[in-house]
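One structure is given here, and the rest of the page talks about it.
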Amino acid sequence: MTDTDRMCAWLPDRIICNSAAIAARFAGSRWQHRVRTILNGVDLGEFRPDISGATVRDELGWTRNPLIAATSRLDPEKGHETLLEAMCTVAKQIPESRLLIAGIASVNQATRHAVLQRRISELKLDGVVRLLGFRRDIPQLLAAADICVLPADAEACGRVLFEAMAMTKPIVATASGGTPEIVLDAVTGVLVPPKDSRALAETLVALLKDPARRHAMGAAGRERVTKHFSIEAHVQKTMGVYAEALASRGIS
633 MTDTDRMCAW LPDRIICNSA AIAARFAGSR WQHRVRTILN GVDLGEFRPD
683 ISGATVRDEL GWTRNPLIAA TSRLDPEKGH ETLLEAMCTV AKQIPESRLL
733 IAGIASVNQA TRHAVLQRRI SELKLDGVVR LLGFRRDIPQ LLAAADICVL
783 PADAEACGRV LFEAMAMTKP IVATASGGTP EIVLDAVTGV LVPPKDSRAL
833 AETLVALLKD PARRHAMGAA GRERVTKHFS IEAHVQKTMG VYAEALASRG
883 IS
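Using this note's numbering, you'd call the opening residue of the sequence shown number 633 and step up by one each time.
What follows is the structure in structure tokens.
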């Protein structure tokens, strides 16, 4: 448990964790019986496979390029440095491939953006990788992509994973935190070790070269979020925990 966990755990009647990986922090503690796990949900009406990514591709000038998308915060633990190193290999093997990175850092955004832009230049990826900053058109960005990537060193329950699956996009992500609870390896995507740029590159190249596999994974992802991770199901599960907490105090 973290210090914050210890400071706050005694207050609530129930503790909702958004992955079993987070819930495991409380294992063996005096508060373990209060913990319930509810993974995040996604609005299946907002993230739909019929949305077009053509406008985004036109904006970037990458109308026909194989495109990888990373849409998450730019915080160091999200693994963008590993992704950039992997992209060097991807670009060598598939020269027309491109990577868009959308998002901002939680703190020191200007500094973090500059660090990543400098690394892009050092790796000679200026024409291959684009930092887009904050964007509201995430469904369109994902629609434009062939693959969604989340190379985080540690990830509790990445929202982009649900969004990408809802958009029928195959996922390449690290087997860290709660990600294996969301992405089914070799079914809805491929899991690689954290901080392993070589494995990440090999996986991205293999998927970019296999459109049939990408399509199958994307379809499986949409089916998975529809069955298990809709926002309606998330709300229902959360309300169930609220009802349980109230009942424990004799309130109906």
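Cβ coordinates follow ideal geometry from the N, Cα and C atoms, glycine included. Predicted model, so just to flag it, every value in this text is computed and none were measured.
Next item on the list: Measure how close the beta-carbons of R750 and L692 come, nearest whole angstrom, since I'm counting them as under 8 Å.
Entry: Not a contact, Cβ separation roughly 21 Å.
Notebook entry, point to check: Name the DSSP bridge partner or partners of D817?
Noted result: Bridge partners of D817: G821.
Note to self: Let me check understanding here. Comparing Cα to Cα, which of I770, A776 and K859 lies closest to S704?
What the structure shows: Ranking the options by Cα distance to S704, first place goes to I770.
Checklist line | Which listed residue (P708, G677, A838 and A652) has its alpha carbon closest to that of Q826 | finding: Rather than Gln, the amino acid found at residue 826 in this sequence is Pro. Nearest of P708, G677, A838 and A652 to P826, Cα basis: P708.
Next item on the list: Would you kindly report the start and end of the unbroken alpha helix (DSSP H) that includes C720?
Entry: H712 to Q725
Checklist line | M799 burial status per 10 Å Cβ neighbour count (16 or more: buried) | finding: buried
Check: In whole angstroms, what is the alpha-carbon distance linking V819 and H860?
Finding: 15 Å
Check: Cα-Cα, which of A652, D645 and R662 is closest to E787?
Finding: A652
Notebook entry, point to check: If you drop the 5 nearest sequence neighbours on each side, which residues of the same chain put their C-beta closer than 8 Å to that of P644?
Noted result: R666 and A877
Checklist line | Run of the alpha helix (DSSP H) containing L774, from where it starts to where it stops | finding: I770 to A776
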